[in-house]
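Just below is one structure, and these are the notes that go with it.
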Amino acid sequence: MNIFRLAGDMMHLFSIIVLLLKINATRSCRGVSLKTQELYAIVFVCRYLDLFTSFISLYNTTMKLIFLLSTFTIIYWMRFHKVIRVTYDREQDTFRYQFLILPCFLLALVLNNEFSAMEVLWTFSIYLEAVAILPQLVLLQRTNNIDNLTGNYVFLLGSYRALYILNWIYRFMTEPNYRQYLVWISGIVQTIVYIDFFYYYIRSWRNNEKLSLPA
Amino acid sequence: VREKIAKDEL
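First to last, the sequence lines map onto chains U and D.
According to our numbering, the first sequence holds residues 16 to 230 in order.
According to our numbering, the second sequence holds residues 5 to 14 in order.
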C-alpha cells in the first residue's frame, strides 16, 4: 500500500461520506443521480464477488463492505425514504444507462484476461466504473444551482481516480511484473471523463462563484 | 501472456 493508493481510497471514502451527510442532513437528494448510484451498485456487486472467495486484508474487506453498504443506503433513501424520495430530480435524471451497461458487458465478454464468470464480471465492473459518473455529470449540467456538497462529491470522486493513476505509476516502478493494462486504460478513460468538470470546479472556486456547468 | 492482476485494489 503506497501513499497514493491510500490517499485515493480516502478520497473515495470521503466522497461517499459527503454524499451521505448531504442527503441525510438536508433530507434532500436534489442534484444527485440515482442512475449513477445504481451503476456503482452494479460495479461494486460485480467486482467484490471475491469477498466470498478470497481474503486480502481487513482493510480491503472493510472498505468493500463500506462501499457496498453506503451505495445501497443511498439508493434506498432515494427510492423509498418518504421525505427524500420526493426531492429526487426524476425528470432530469434521464440518462439511459442500459446504453452503458450493455456495451461494457459485451466488451468484458470479448476483452478479458480469463473467460470465467468471476473474471468476466470483474472486468465488466472495471469498464462500467469508467463511465458510471456520466449520468451524474449530465444531471449536474442540467441543475442550475449545484450545491457545494454535490460539487464536492464529484470532485472527490475525480480526485480518487487521479490518485489511482499515480498509484499505478508508483507500483509499476517499484513492483516487478506489476501490470494490468485493462485496468489502466479504463482508469485513464475514467479520469479523462472528469477533466471538463475539474476545469469548471476549480474556476468557480478561484473566482469565488457558484459552480455551474455549461450545457 | 496473462497479466498478473492486482486484485488487492478496490
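Glycine included, each C-beta is placed from N, C-alpha and C at the ideal position.
* To do: Measure the C-alpha to C-alpha separation of Gly46/U and Cys119/U and round it to an integer number of angstroms.
  => Walking along the first sequence from the start, residue 46/U turns up at place 31. Walking along the first sequence from the start, residue 119/U turns up at place 104. Rounded to the nearest angstrom, the two C-alpha atoms are 26 Å apart.
* Residue ranges of each alpha helix (DSSP H) within the segment 193–230 of chain U, 4 or longer -> The alpha helix (DSSP H) runs of length 4 or more contained entirely in the segment 193–230 of chain U are, from start to end of the chain, 196–221.
* Which of the three DSSP states, helix, strand or coil, is assigned to Asp65/U? -> Here the question's residue 65/U lines up with position 50 in the first sequence. Collapsing the DSSP output to three states places Asp65/U in a helix.
* Relative to the C-alpha of Gln107/U, which residue among Tyr142/U, Gln113/U, Asp65/U, Gln156/U is closest? -> Numbered from 1 along the first sequence, position 92 holds the residue referred to as residue 107/U. Comparing Cα positions, the closest option is Gln156/U.
* Can you tell me which of Asn163/U, Tyr175/U, Asn75/U puts its alpha carbon nearest to the alpha carbon of Ile207/U? => Here residue 207/U corresponds to residue number 192 of the first sequence, with the count starting at 1. It is Tyr175/U.
* **Residues that Ile141/U contacts on chain D, provided the C-beta gap is smaller than 8 Å** => Taking the first sequence and counting its residues from 1, the one referred to as residue 141/U is at position 126. Under the 8 Å cutoff, chain D gives no residues; its nearest Cβ is about 10 Å from Ile141/U.
* Quick one: complete alpha helix (DSSP H) runs, 4+ long, within the segment 143–169 of chain U? -> Within the segment 143–169 of chain U, the alpha helix (DSSP H) runs of at least 4 residues that lie entirely inside it are, in chain order, 149–157.
* To do: Check whether the Cβ atoms of Ile31/U and Ser69/U lie closer than 8 Å to each other.
  => Numbered from 1 along the first sequence, position 16 holds the residue referred to as residue 31/U. Numbered from 1 along the first sequence, position 54 holds the residue referred to as residue 69/U. Against a cut-off of 8 Å, the Cβ pair of Ser69/U and Ile31/U comes out as no contact.
* At which residues does the alpha helix (DSSP H) containing Asn39/U begin and terminate? -> In the first sequence, counting from the first residue as 1, residue 39/U sits at position 24. Here the alpha helix (DSSP H) through Asn39/U covers 18–41.
* Ile81/U (DSSP reduced to helix, strand or coil) -> Along the first sequence, one-based indexing puts residue 81/U at 66. Three-state DSSP puts Ile81/U in a helix.
* Asked: Within the chosen definition, does the segment 141–154 of chain U reach the segment 51–63 of chain U through at least 3 CB pairs nearer than 8 Å?
  -> With three or more CB-CB distances shorter than 8 Å, the segment 141–154 of chain U counts as touching the segment 51–63 of chain U.
* When burial is assigned at 16 or more other CB atoms within 10 Å of the CB, is Thr138/U buried or exposed? -> Translated into positions along the first sequence, residue 138/U becomes position 123. By the neighbour-count criterion, in which 16 or more other beta carbons inside 10 Å mark a residue as buried, Thr138/U falls on the buried side.
* Inter-stretch contact (C-beta, 8 Å, three-pair minimum) for the segment 179–186 of chain U and the segment 63–78 of chain U -> Contact check between the segment 179–186 of chain U and the segment 63–78 of chain U: fewer than three CB pairs, one atom from each, fall below 8 Å, which does not count as touching.
* Is the segment 157–167 of chain U touching the segment 219–227 of chain U, taking contact as three or more C-beta pairs under 8 Å? -> With the cut-off at 8 Å, the segment 157–167 of chain U and the segment 219–227 of chain U touch.
* Contacts that Met78/U makes with chain D (C-beta to C-beta distance below 9 Å) -> Here residue 78/U refers to the residue found at position 63 when the first sequence is read from its first residue. Those within 9 Å of Met78/U in chain D are Leu14.
* To do: Return no unless some Cβ of chain D is closer than 8 Å to the Cβ of Asn75/U.
  => What you label residue 75/U is simply residue 60 of the first sequence in a count that begins at 1. Any Cβ of chain D closer than 8 Å to the Cβ of Asn75/U would place that residue at the interface, and such an atom is present.
* Are the Cβ atoms of Ile38/U and Ile99/U separated by less than 8 Å? -> Locating residue 38/U in the first sequence gives position 23, counting from the first residue. Locating residue 99/U in the first sequence gives position 84, counting from the first residue. Taking 8 Å as the cut-off, the beta carbon of Ile38/U is found closer than this to the beta carbon of Ile99/U.
* **Under 9 Å by beta carbon: chain D residues contacting Ile71/U** => The count along the first sequence starts at 1 and reaches residue 71/U at position 56. Near Ile71/U (Cβ distances below 9 Å), the residues of chain D are Lys11, Asp12.
* Sequence-distant residues of its chain with Cβ nearer than 8 Å to Glu53/U (five each side left out) -> By 1-based counting over the first sequence, the position of residue 53/U is 38. The residues are Ile90, Tyr112.
* Helix or strand or just coil, what does DSSP make of Arg176/U? -> Indexing the first sequence from 1 puts residue 176/U at position 161. Of the three classes helix, strand and coil, the one that applies to Arg176/U here is helix, per DSSP.
* Asked: Are the CB atoms of Gln151/U and Ser43/U nearer to each other than 8 Å?
  -> As a first step, residue 151/U is located in the first sequence; it is residue number 136 there, counting from the start. As a first step, residue 43/U is located in the first sequence; it is residue number 28 there, counting from the start. For the 8 Å CB-CB criterion, Gln151/U and Ser43/U do not form a contact.
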